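In this note's numbering, the protein residues as written are 13 to 337.
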């Protein structure tokens, strides 16, 4: 478990009022909870995470950030925000510290794109779309690390065997367990998956470790495949929920929250848009806007989520009455 240490208190400036622009449904519900209060958990470039006293989390992002069901889009995030500041919601106003008030009333609700029954194409067509998208990504990405990651996932999907893993210490420690879990997933589906996935939780640097991001993207894809193709997948979801309960004590609270949401099919907006495009059998070239947006999410977060999603789209269909071992 990662402990959050308090920082020295900073001087606060004059009172400032800011209007909120858009909010996800979960954030909207939390802000409507009487007496919702807590503390600033973390402040990063363009995003501030708030943790309620009830254990629920939401975050503020500046214009242009990727929306999420726990996210609120605002036009201004002052650099004076710091970890440990108190916040309180009263009468449609979110007050952080003693000098910053956000007006919730103008905010419109953001919803992810939804799939209608008539939007859902054949199961194999979505996988073909992933293969074509992987070819496009491999020629478009200018990031060396993401090129390496996507190329390894592409090789594993096509060949069902291990690509050559880089031997650099940090990369090797991250890529090897990812490839091990991906190979298990591609060959056995959800059989033995929840136990094997524990090897990834919390692995990697940062508030959202790379292996958490990959696992979340993969489980996001598995969720939507099961939801869209009822006759192909019968796996029990409870072992995955048990995995999420276990993960709460193994990784950073921010990562645990994002990972649990991904398991339930809730992710950043570009991840939703991409899985919808793949299931609708849209031209992979049109998915590159989603890929580009994900590539700007965190330092590597978006790329690992993307790699997990693309791997997750190749979940093998279950047989009726197939049980977890």
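Beta carbons are placed, not taken as given, at the ideal position from N, Cα and C, and that holds for glycine. Please read all numbers here as calculations on a predicted model, not as lab measurements.
Where residue i sits in the DSSP three-state scheme
i	result
residue 262	coil
residue 140	helix
residue 325	coil
residue 166	helix
residue 148	helix
residue 210	helix
residue 126	coil
residue 246	coil
residue 27	coil
residue 120	strand
Residue environment, residue i, which counts as buried when at least 16 other CB atoms sit within 10 Å
i	result
residue 97	buried
residue 312	buried
residue 233	buried
residue 57	exposed
residue 363	No answer is possible for residue 363: the residues shown for the chain start at 13 and end at 337.
residue 88	exposed
residue 242	exposed
residue 281	buried
residue 63	buried
residue 91	exposed
residue 21	For residue 21, the predicted structure reports a pLDDT of 46, less than 50, and the residue's modelled location is therefore unreliable. The matter cannot be settled from this model.
Residue i and residue j closer than 9 Å at C-beta
i	j	result
residue 316	residue 226	yes
residue 322	residue 145	yes
residue 211	residue 193	yes
residue 162	residue 319	yes
residue 111	residue 34	no
residue 279	residue 229	yes
residue 209	residue 255	yes
Pairwise C-alpha distance: residue j and residue i
i	j	result
residue 199	residue 206	15 Å
residue 149	residue 32	35 Å
residue 286	residue 86	24 Å
residue 116	residue 36	12 Å
residue 251	residue 113	42 Å
residue 236	residue 128	13 Å
residue 164	residue 44	45 Å
residue 126	residue 133	14 Å
residue 53	residue 82	14 Å
residue 213	residue 262	7 Å
residue 48	residue 79	21 Å
residue 42	residue 170	43 Å
residue 75	residue 330	42 Å
residue 15	residue 73	Model confidence at residue 15 stands at a pLDDT of 33, short of 50, so the residue's coordinates are unreliable and nothing is read from them.
residue 291	residue 130	11 Å
residue 266	residue 69	8 Å
residue 46	residue 59	24 Å
residue 296	residue 167	18 Å
Curious, which full-length beta strand (DSSP E) runs of at least 3 residues does the region 67-112 contain?
69-74, 83-86, 98-102, 105-108
Suppose only complete runs of 4+ residues qualify. What are the alpha helix (DSSP H) ranges in the region 258-311, listed by chain order?
265-275, 281-291, 300-307
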